[in-house]
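Below is one structure, written out as structure tokens, with a few remarks after it.
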Amino acid sequence: MEGKLKDKIVFGENGRSNATYYSNDLEEIGSFVNEGWKFELDYNGKGVWLRSPDIWLVDLSDIQKINYYGNPIINLAYFNYLNELIKSNNIRPYIKKVICKNKIYYNGFEFEISSGLVLETEVRILGSDTRLNTLKKDLFQDFYESKEYKQYFNDSKKFLGKTEIIKQSHIPFEDQDKSIREFYKNIQNLYNGINDHVEYYPKIINNFIEQLPPHDNLVLIPSGCFKYLSSLLSKENIDKIMFWEFHVNKHIKKNVTLFKKDLKNKNVLIIDNLYSGKTMDHMSNLIKKKGGNPIRLGLFPKSAYSIRKTDYVFFIDRVIKTTSINPSKEWYLELYKKVLKVKRK
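What follows is the structure, given as structure tokens:
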């Protein structure tokens, strides 16, 4: 298993680098999976495609990731700190320094920084195994305890001005409407057997449904949508929802629909996580072929390039019309500041 990350970095079709590996050896596959690698069956061959663990370190567009660090000021401070390390080519030495503080635990562990033009609002890291999750915590702890922290915090506070922690509601599964609980159970029964897991997230993004543009049907693209599904469900809109999953890359071809709808002459709202925007493009074309009118809403956009492929984006906790966003060099910093300064009820 030595060197499993070193020679497996590729520039993925999602617009950023990741680590992939093909195998048809069951013992080898099991070894990788035990260390946290995800897999997809190769329906055109006799093996599977494995993908290394990867995780976000900081993100400016995703409300749940922002709240992970306590408040938007700390989040921006950490984002600026890591980005300056990346721009100065000091990110690898920095991570190695943190790893060296616990050499025994991290023995044999490998990492790479995920790169790509689609990662303007997010910093991601790849790892050879699940110790990556611990490294994420160690990296932030090192920053938080560093002598640089205070300066980065003060600079971020000055840039943002008066702001507040964005609160989310907490609704336990058993407190949801019966129709929503049954809907989740149906999805879990259908999906949990195909290399995925549908989990209910009790943290609700407030007023998400109320901000959605008018639509007749809602198409959600697994599996990225599952984390935010609880914020998009109400007993009034369940009958509008359809899941449509597909893969069109050179390794895997997959086209699966759940709760299929007649989309002809319907305004169809597509919601998906927004990295490169290729999935959004392809889904729009599929809906047009079905006679529908696609309306594209990208969740938590990662780049100006991908924003151009949508009609709306969901940034932090606001639905924003794409044409109102100025795609300047640091558009994400201005949008972060603008959304957080919006007067809240």
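493 is the number of the first residue of the sequence shown in my numbering; add one for each residue after it.
Even glycine gets a Cβ: it sits at the ideal position worked out from N, Cα and C.
- Secondary structure at Tyr692: coil, using DSSP grouped into helix, strand and coil.
- Counting along the chain, the unbroken alpha helix (DSSP H) around Leu682 starts and ends at Lys670 to Tyr683.
- Taking one beta carbon from each stretch, the region 654-662 and the region 559-566 have 3 or more pairs nearer than 8 angstroms; the two touch.
- Membership of Gly522 in the alpha helix (DSSP H) is indicated by the continuous run Leu518 to Asn526.
- Rounded to whole angstroms, the separation of the alpha carbons of Gly528 and Phe718 is 20 angstroms.
- Counting only the Cα atoms, Asn563 lies some 11 angstroms from Phe645.
- The Cβ-Cβ distance between Pro545 and Thr622 falls below 9 angstroms.
- A straight line joining the alpha-carbon of Glu666 with that of Lys530 spans about 30 angstroms.
- Between the alpha carbons of Lys752 and Lys588 lies a gap of roughly 49 angstroms.
- Secondary structure within the region 608-664: the alpha helix (DSSP H) runs of 4 or more consecutive residues, fully enclosed, are 623-636 and 641-652 (chain order).
- Per DSSP, the beta-bridge partners of Val550 are Val615.
- Sixteen is the threshold: when 16 or more other Cβ atoms of the shown chains lie within 10 Å of the Cβ of Arg788, as they do, the residue is buried.
- Assignment of alpha helix (DSSP H) within the region 783-809, counting only whole runs of 4 or more residues, yields 796-799 in chain order.
- In the three-state DSSP reduction, Ser776 falls in the helix class (H, G or I).
- The residues Leu652, in chain order, have a CB closer than 6 angstroms to that of Lys829 in the same chain once the five nearest residues on each side in sequence are set aside.
- Measuring C-alpha to C-alpha distances from Thr771 to each of Phe601, Ser820 and Gly716 identifies Gly716 as the nearest.
- By a beta-carbon distance limit of 8 angstroms, Ile617 contacts Leu549. Their separation comes to about 6 angstroms.
- Between the alpha carbons of Ile521 and Val540 lies a gap of roughly 8 angstroms.
- Taking Tyr692 as the centre and dropping the five residues before and after it, the same chain places the C-beta of Phe665, Tyr676 and Ser722 closer than 7 angstroms to its C-beta, in chain order.
- For the pair Leu832 and Lys642, the Cα-to-Cα distance works out to about 21 angstroms.
- By alpha-carbon distance to Glu822, the top candidate from Lys794, Asp809, Glu604 and Ile701 is Lys794.
- If you look at Phe603, you'll find it isn't in any alpha helix (DSSP H); it sits in the beta strand (DSSP E) that goes Phe603 to Ile605.
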